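Numbering (full-length UniProt numbering), first residue to last: 1 to 180.
Idealized CB from N, CA, C, for every residue including glycine.
All values reported here derive from a predicted model rather than from experimental measurement.
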């Protein structure tokens with residue numbers, strides 16, 4: 001059970017001025033935490049409560065980092081997803097990581113409720129390369145691994161590929177690059 005904190009809630013909704021953008025207008029850092037570890041550090045908590053979390057640490061080159069952001073405590077089955085305009089969405093598609101990749105990558109997406117979803121990889125000609133997800137999915141953040149192979153198990157060629165998340169109410173496509 002991991003929590004994706006890359007996209008905070010709409011700033012008009014919280015009590016601590018949370019924003020999706022830092023001073024330079026970019027999302028600077030994406031983190032994932034184990035639910036149990038975070039809850040153990042901030043308990044007791046109340047559903048719907050806002051908390052300011054402070055992160056301290058060190059990068060690989062020994063540079064100290066410190067940052068703060070807001071989190072909203074929610075019951076496990078509820079996920080709120082806001083698009084870039086601050087509007088509630090039932091799904092979101094994140095960028096794949098790493099990108100470019102060789103030969104494997106992870107694609108993350110979020111669903112606000114249980115729903116049917118498909119995540120499919122296409123080549124530049126729009127031909128289906130691999131279906132990664134096709135069926136009923138629970139609410140929450142999902143990360144799907146693509147090993148760079150097609151439906152027959154053959155390695156995909158270097159080049160640009162597209163991945164498309166589709167539900168009954170959501171349809172978005174993003175680009176990724178396979179470099180061998």
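Per-residue DSSP class, three states only, for residue i
i, result
"residue 105", "strand"
"residue 139", "coil"
"residue 156", "coil"
"residue 41", "helix"
"residue 57", "strand"
"residue 172", "strand"
"residue 46", "coil"
"residue 7", "Caution is warranted here: a pLDDT of 45 is assigned to residue 7, below 50, making its placement in the model unreliable, and no coordinate value can be reported."
"residue 125", "coil"
"residue 112", "coil"
Buried or exposed by the 16-neighbour rule on C-beta atoms within 10 Å, applied to residue i
i, result
"residue 60", "exposed"
"residue 129", "buried"
"residue 110", "buried"
"residue 116", "exposed"
"residue 96", "buried"
"residue 163", "buried"
"residue 94", "buried"
"residue 105", "buried"
"residue 148", "buried"
Span separating the alpha-carbon of residue i from that of residue j
i, j, result
"residue 113", "residue 49", "20 Å"
"residue 68", "residue 151", "43 Å"
"residue 122", "residue 42", "43 Å"
"residue 173", "residue 153", "23 Å"
"residue 101", "residue 90", "28 Å"
"residue 66", "residue 155", "41 Å"
"residue 145", "residue 132", "8 Å"
"residue 51", "residue 135", "35 Å"
"residue 54", "residue 64", "13 Å"
"residue 58", "residue 127", "44 Å"
"residue 99", "residue 56", "27 Å"
Top-ranked residue by Cα proximity to residue i, from the options
i, options, result
"residue 47", "171, 71, 149", "71"
"residue 179", "138, 66, 160, 137", "160"
"residue 140", "164, 92, 54", "92"
"residue 157", "106, 97, 176, 168", "176"
"residue 166", "127, 52, 137", "137"
"residue 169", "131, 118, 146, 145", "118"
"residue 142", "99, 108, 120", "108"
Any non-hydrogen atom of the ligand NAD closer than 7 Å to residue i Cβ
i, result
"residue 107", "Among the ligands in the structure shown, none appear at all, so the ligand NAD cannot be discussed."
Any chain C beta carbon closer than 8 Å to residue i
i, result
"residue 132", "Structure shown: chain C not included; a single protein chain is present."
Enclosing beta strand (DSSP E) for residue i [first to last residue]
i, result
"residue 90", "Premise fails: residue 90 is in no beta strand (DSSP E) and is neither H nor E."
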